[in-house]
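Enquirer: Let me begin by handing over the structure; questions about it come next.
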Amino acid sequence: MPDTPLTSTSLPLQDRSPSQPVRFRGGGFTVKGHRWAALLAFVVLIAVWESTNRFGLVSELFLPPPSAVASALAAMAQDGSLWQHLKASLMRIGVGWVMGTVAGMAVGFAMGIGSVARAVGVPLVSAFFPIPKIALLPLFILWFGIGEPSKFATIGFGVFFPTVIATYSAIDSVPRNLIRMAQSFGLPWASILRKIVLPGALPGILAGFRITASIALILVVAAEMIGAEYGIGAFVLTAGNLMLTDQLLAGVLVLSLLGLSIGTVLSILERRLLKWR
Amino acid sequence: MRLIIKDLCHRYDDLVVLDGIDLTVQEGEVLAVIGPSGCGKSTLLGIAGGIVAPTSGTIAVAGEVPDGCLNPITFIFQDFALLPWRSVEDNLSLVLEHHPLSAAERRERIESGLRRMGLWDFRKALPKQLSGGMRQRVGIARALAVRPAMLLLDEPLSALDAQTRELLMEDFLSLWQRERTTALYVTHNLDEALRLADRVVVLSRRPGRLREIVTIEEPRDQRLEPSAQAHLAEVRDRLWHLIRAEAQLADREIADA
Ligand SMILES: Nc1ncnc2c1ncn2[C@@H]1O[C@H](COP(=O)(O)OP(=O)(O)OP(=O)(O)O)[C@@H](O)[C@H]1O
Ligand SMILES: [Mg+2]
Chain H
107 MPDTPLTSTS
117 LPLQDRSPSQ
127 PVRFRGGGFT
137 VKGHRWAALL
147 AFVVLIAVWE
157 STNRFGLVSE
167 LFLPPPSAVA
177 SALAAMAQDG
187 SLWQHLKASL
197 MRIGVGWVMG
207 TVAGMAVGFA
217 MGIGSVARAV
227 GVPLVSAFFP
237 IPKIALLPLF
247 ILWFGIGEPS
257 KFATIGFGVF
267 FPTVIATYSA
277 IDSVPRNLIR
287 MAQSFGLPWA
297 SILRKIVLPG
307 ALPGILAGFR
317 ITASIALILV
327 VAAEMIGAEY
337 GIGAFVLTAG
347 NLMLTDQLLA
357 GVLVLSLLGL
367 SIGTVLSILE
377 RRLLKWR
Chain C
1135 MRLIIKDLCH
1145 RYDDLVVLDG
1155 IDLTVQEGEV
1165 LAVIGPSGCG
1175 KSTLLGIAGG
1185 IVAPTSGTIA
1195 VAGEVPDGCL
1205 NPITFIFQDF
1215 ALLPWRSVED
1225 NLSLVLEHHP
1235 LSAAERRERI
1245 ESGLRRMGLW
1255 DFRKALPKQL
1265 SGGMRQRVGI
1275 ARALAVRPAM
1285 LLLDEPLSAL
1295 DAQTRELLME
1305 DFLSLWQRER
1315 TTALYVTHNL
1325 DEALRLADRV
1335 VVLSRRPGRL
1345 REIVTIEEPR
1355 DQRLEPSAQA
1365 HLAEVRDRLW
1375 HLIRAEAQLA
1385 DREIADA
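Residue numbers (the numbering used here), protein chains in the order written: chain H, 107 to 383; chain C, 1135 to 1391.
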């Protein structure tokens, strides 16, 4: 038999075996966007909720229908009480959050770059961080009085520790090679801090803001439930005591919207500041 | 500029990394350093550039620095070390901002660095938008912007694919043709050493000791000529012979650990 050269002429031999299509098996396990699904689910939920009341399945006291909640909210907006409560809560969140954040970032920075601060700080933070801050409110009231300062302190204290942790771990996550690079080009210490460490830590710090904002929201409601005339928390508590469940839910709705808008603001901030990622 | 290393030893805690290194990088010379993984090449470079403090021994420089030199000993990094939040031109600006330069001079340095590396059209881009090769070109342009007297290159091409590596080697060749900047060039890659270096230092496995210094006689711009191949092949064999056993042992060591 002559040597057959190994070229395409020897291939048809294999072509005689029956062919089979390759079956697709790569489906699933990927999440695709469904633009209208969330909205639809929302509408359905509201509709079901509304109809349970319309058909008398649930008493209005236990679960007021969405329409009742909406009209309670509208009434609040009209008589101006909504804005009064909102303003009080926002002010407390704002002052408390800024205080806790500024102090937390300062301490976090010190712990991020100073060995002594780290050695002293880590055990202290680990000890204080798990305390439910609301448990300290009575103590703060004792120290600062029943007025605003004790509420600022509760929120500020609650915001402080997560900010410290987020800040120093964000600084730890700044790539060392960038700092070495800056040093090798002779950048002074302060410039390295400002131009490398701070922007490098920013993603982590902003992620911390998301957590501390929700903590502030929880604590403001809790603090307002103890001795406050105005504030969404105070309003919800009063409504609950008077069994005005439609108003109660209106207050809860306001809180949810407040949380959503804070989240949105932070998202915009992240998109602006972290375009480079 | 010359770099004189005398009796250098370095330990990380109990791990002896470099032992008794005596080495002089001559004015205008490109000195390649090869050696097995973990033998202390990066450490050597860090010490030479003053960002790692040696356990013992001395490092000194001597000789002229070029006009307008802002940072005599300048690194080019394996991972480029670009700030991801700064555009290409701002990455160059970073290393100039702390020097008392006029705005015009700073702009001029940035522009000439970018133009030389073919990056001018990309000056507004962010690092993430660039290919690996372009990113390393930014690293090179940044180094050029400070008019260095000596370049320390830590495996500058090992994060790049073979074709890009080839292109960047050409960039380095034309750089050394024009500037004759002294360079200490760490690499794993024999071909890079053979293309770019005047002399090749072979380090032993950890603790890194000087095993041998091999001189490549062929002028850099003639190394692709057919007439150069015999000599280069000889040097290559010699280098490979020197590092093969060391690399094998180092390889086992890491596998055991
Ligand atoms: N900061 C450090 N602390 C402790 N050990 C280190 C440190 N840096 C490097 N080492 C160790 O010292 C040894 C030499 O490291 P070095 O990075 O200088 O080696 P290298 O020759 O550059 O290696 P490679 O070829 O992998 O880049 C390695 O074993 C490494 O693990
Ligand atoms: Mg290395």
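For each residue, glycine too, the CB sits at the ideal point set by N, CA and C. Model, not experiment: these values are computed from the prediction.
How far does the alpha helix (DSSP H) with threonine 1321 of chain C in it extend, from its first residue to its last?
Expert: Within the second sequence, the letter at position 187 stands for residue 1321 of chain C. Note, threonine 1321 of chain C: premise wrong, no alpha helix (DSSP H); not H, not E.
Enquirer: I need the DSSP call for arginine 282 of chain H, collapsed to helix, strand or coil.
Expert: Stepping through the first sequence from its first residue, residue 282 of chain H is reached at position 176. Here arginine 282 of chain H sits in helix by DSSP.
Enquirer: Use the C-beta contact count for valine 128 of chain H: other C-beta atoms within 10 angstroms, 16 or more gives buried, fewer gives exposed.
Expert: Taking the first sequence and counting its residues from 1, one reaches residue 128 of chain H at position 22. By the 10 Å Cβ count, valine 128 of chain H comes out exposed.
Enquirer: Could you give the distance in angstroms between the alpha-carbon of glutamine 190 of chain H and the alpha-carbon of leucine 242 of chain H?
Expert: Translated into positions along the first sequence, residue 190 of chain H becomes position 84. Translated into positions along the first sequence, residue 242 of chain H becomes position 136. Taking the straight line from one Cα to the other gives about 27 Å.
Enquirer: In chain order, what residues of the same chain lie with their CB nearer than 6 Å to the CB of valine 1167 of chain C, ignoring the 5 residues before and after it?
Expert: The residue given as residue 1167 of chain C occupies position 33 in the second sequence. These residues qualify, in order along the chain: Lys1175, Val1320, Val1335.
Enquirer: Since glycine 1169 of chain C and serine 1338 of chain C are thought to touch, with beta carbons under 8 Å apart, how far apart are those beta carbons, to the nearest angstrom?
Expert: One-based indexing of the second sequence puts residue 1169 of chain C at position 35. One-based indexing of the second sequence puts residue 1338 of chain C at position 204. Rounded, the Cβ-Cβ distance is 7 Å, consistent with contact.
Enquirer: Have a look at C:Gln1297, C:Glu1326, C:Ala1296, C:Ala1215 and flag the residue whose alpha-carbon is nearest the alpha-carbon of leucine 1307 of chain C.
Expert: Taking the first residue of the second sequence as position 1, residue 1307 of chain C is located at position 173. Of the listed residues, the one whose Cα sits closest to leucine 1307 of chain C is C:Glu1326.
Enquirer: Given the structure, does serine 1171 of chain C come close to ligand 1, in the sense that its CB is under 7 Å from one of the ligand's heavy atoms?
Expert: For the purposes of this step, residue 1171 of chain C is taken as residue 37 along the second sequence, with counting starting at 1. Yes, Cβ of serine 1171 of chain C sits closer than 7 Å to a heavy atom of ligand 1.
Enquirer: Hey, out of H:Glu335, H:Val371, H:Ser173, whose CA is closest to alanine 153 of chain H's CA?
Expert: If you number the first sequence from 1, residue 153 of chain H lands on position 47. If we check each option's Cα against that of alanine 153 of chain H, H:Ser173 comes out closest.
Enquirer: Counting only the same chain and skipping the five closest in sequence on each side, list residues whose C-beta sits under 7 Å from that of phenylalanine 266 of chain H.
Expert: By one-based count along the first sequence, residue 266 of chain H stands at place 160. The residues are Gly206, Ala209, Gly210.
Enquirer: With a cut-off of 8 Å, do at least 3 Cβ pairs link the segment 1194–1207 of chain C to the segment 1353–1367 of chain C?
Expert: In short, these stretches do not touch, since the Cβ pair count stays below three.
Enquirer: Please list, in chain order, all residues of the same chain as glutamate 1104 of chain C whose beta carbon is under 7 Å from its beta carbon, the five residues on each side excluded.
Expert: What the structure shows of chain C is the stretch from 1135 to 1391, and residue 1104 of chain C is not part of that stretch, so it cannot be assessed.
Enquirer: On the DSSP letters alone, give me the boundaries of the alpha helix (DSSP H) that valine 1336 of chain C sits inside.
Expert: Residue numbering aside, residue 1336 of chain C sits at position 202 when the second sequence is read from its first letter. Segment 1333–1337 is the beta strand (DSSP E) holding valine 1336 of chain C; no alpha helix (DSSP H) there.
Enquirer: Is leucine 1217 of chain C close to chain H? Criterion is C-beta to C-beta, closer than 8 Å.
Expert: Working through the second sequence from its first residue, we reach residue 1217 of chain C at position 83. By this cut-off, leucine 1217 of chain C is an interface position.
Enquirer: Of all the beta strand (DSSP E) runs that stay within the bounds of the segment 168–209 of chain H, which reach a length of 3 or more residues?
Expert: You should have found no qualifying run.
Enquirer: Can you pull the chain H residues whose beta carbon is under 7 Å from the beta carbon of glycine 1183 of chain C, in chain order?
Expert: Translated into positions along the second sequence, residue 1183 of chain C becomes position 49. Result: Ser290.
Enquirer: Between the C-alpha atoms of aspartate 1153 of chain C and arginine 1145 of chain C, what's the straight-line distance to the nearest angstrom?
Expert: Indexing the second sequence from 1 puts residue 1153 of chain C at position 19. Indexing the second sequence from 1 puts residue 1145 of chain C at position 11. Computed Cα separation, rounded: 9 Å.
Enquirer: Ignoring anything shorter than 3 residues or poking outside the segment 1173–1234 of chain C, list the beta strand (DSSP E) runs there in chain order.
Expert: For the segment 1173–1234 of chain C, whole beta strand (DSSP E) runs of length 3 or above, ordered along the chain, are 1190–1196, 1207–1210.
Enquirer: Counting only Cβ pairs nearer than 7 Å, list the residues of chain H close to leucine 1324 of chain C.
Expert: Counting from one through the second sequence, the residue named residue 1324 of chain C turns up at place 190. Neighbours of leucine 1324 of chain C on chain H: none; closest Cβ ~26 Å, over 7 Å.
Enquirer: Taking its Cβ as the centre, do 16 or more other Cβ atoms sit within 10 Å of proline 268 of chain H, making it buried, or is it exposed?
Expert: For the purposes of this step, residue 268 of chain H is taken as the residue at position 162 of the first sequence. Flag for proline 268 of chain H reads buried.
Enquirer: Quick check for students: name the residue ranges of the alpha helix (DSSP H) that lie wholly in the segment 291–321 of chain H, counting only runs of 4 or more.
Expert: Listed in chain order, the complete alpha helix (DSSP H) runs (minimum 4 residues) inside the segment 291–321 of chain H are 295–298.
Enquirer: If I follow the unbroken alpha helix (DSSP H) through threonine 351 of chain H, where does it start and stop?
Expert: Locating residue 351 of chain H in the first sequence gives position 245, where the first residue counts as 1. Segment 351–379, the alpha helix (DSSP H) holding threonine 351 of chain H.
Enquirer: Select from H:Leu284, H:Ile277, H:Ala259 the residue whose C-alpha is nearest the C-alpha of serine 221 of chain H.
Expert: Here residue 221 of chain H refers to the residue found at position 115 when the first sequence is read from its first residue. Nearest option by C-alpha distance: H:Ile277.
Enquirer: What's the gap between the Cα of isoleucine 321 of chain H and the Cα of glycine 264 of chain H?
Expert: Mapped onto the first sequence, residue 321 of chain H falls at position 215. Mapped onto the first sequence, residue 264 of chain H falls at position 158. Rounded to whole angstroms, isoleucine 321 of chain H to glycine 264 of chain H spans 7 Å at the Cα level.
Enquirer: Could you name the residues of the same chain whose beta carbon sits closer than 8 Å to that of alanine 1277 of chain C, not counting the 5 residues immediately before and after it, in chain order?
Expert: Within the second sequence, residue 1277 of chain C is the residue found at index 143, counting from 1. Same-chain partners within the cutoff: Thr1208, Phe1209, Ile1210, Leu1285.
Enquirer: Would you please state the rounded distance, in angstroms, between the beta carbons of glycine 1191 of chain C and cysteine 1143 of chain C? I believe it to be under 8 Å.
Expert: Start at 1 with the first residue of the second sequence, and residue 1191 of chain C comes out as number 57. Start at 1 with the first residue of the second sequence, and residue 1143 of chain C comes out as number 9. Confirmed, Cβ separation roughly 6 Å.
Enquirer: With DSSP collapsed to three states, give me the class of alanine 1384 of chain C.
Expert: Residue mapping note: residue 1384 of chain C aligns to position 250 of the second sequence, counting from 1. In the structure shown, alanine 1384 of chain C sits in a helix (DSSP, three-state: H, G or I).
Enquirer: Any beta carbon of chain H sitting closer than 8 Å to that of lysine 1140 of chain C?
Expert: Taking the first residue of the second sequence as position 1, residue 1140 of chain C is located at position 6. It does not: the Cβ of lysine 1140 of chain C has no partner Cβ on chain H nearer than 8 Å.
Enquirer: Determine the direct distance from the alpha carbon of valine 228 of chain H to that of methionine 217 of chain H, and round the result to whole angstroms.
Expert: To locate residue 217 of chain H, count along the first sequence from 1; it is residue 111. To locate residue 228 of chain H, count along the first sequence from 1; it is residue 122. Computed Cα separation, rounded: 8 Å.
Enquirer: Using C-beta distances below 8 Å, list every residue in its chain close to threonine 260 of chain H, excluding the 5 sequence neighbours before and after it, in chain order.
Expert: In the first sequence, the residue the question calls residue 260 of chain H occupies position 154. Excluding positions up to five away in sequence, the list reads Gly202, Lys239, Ile240, Leu242, Leu243, Phe246, Leu325, Ala328, Ala329.
Enquirer: Answer yes or no: does any C-beta atom of chain H fall closer than 8 Å to that of histidine 1232 of chain C?
Expert: Your numbering for residue 1232 of chain C matches position 98 in the second sequence. It does; some Cβ of chain H falls within 8 Å.
Enquirer: Would you check if the distance between the CB atom of leucine 385 of chain H and the CB atom of leucine 308 of chain H is smaller than 8 Å?
Expert: Nothing in the structure corresponds to residue 385 of chain H, since chain H is present only between 107 and 383.
Enquirer: Just checking my contact of valine 1272 of chain C with proline 1261 of chain C at CB under 8 Å: how many whole Å lie between their CB atoms?
Expert: Reading the second sequence from its first residue, position 138 is the one you call residue 1272 of chain C. Reading the second sequence from its first residue, position 127 is the one you call residue 1261 of chain C. Right, the Cβ-Cβ distance comes to about 7 Å (below 8 Å), so this counts as a contact.
Enquirer: How close, in whole Å, do the beta carbons of aspartate 1332 of chain C and leucine 1165 of chain C come, if the pair is a contact with beta carbons under 8 Å?
Expert: Counting from one through the second sequence, the residue named residue 1332 of chain C turns up at place 198. Counting from one through the second sequence, the residue named residue 1165 of chain C turns up at place 31. Rounded, the Cβ-Cβ distance is 7 Å, consistent with contact.
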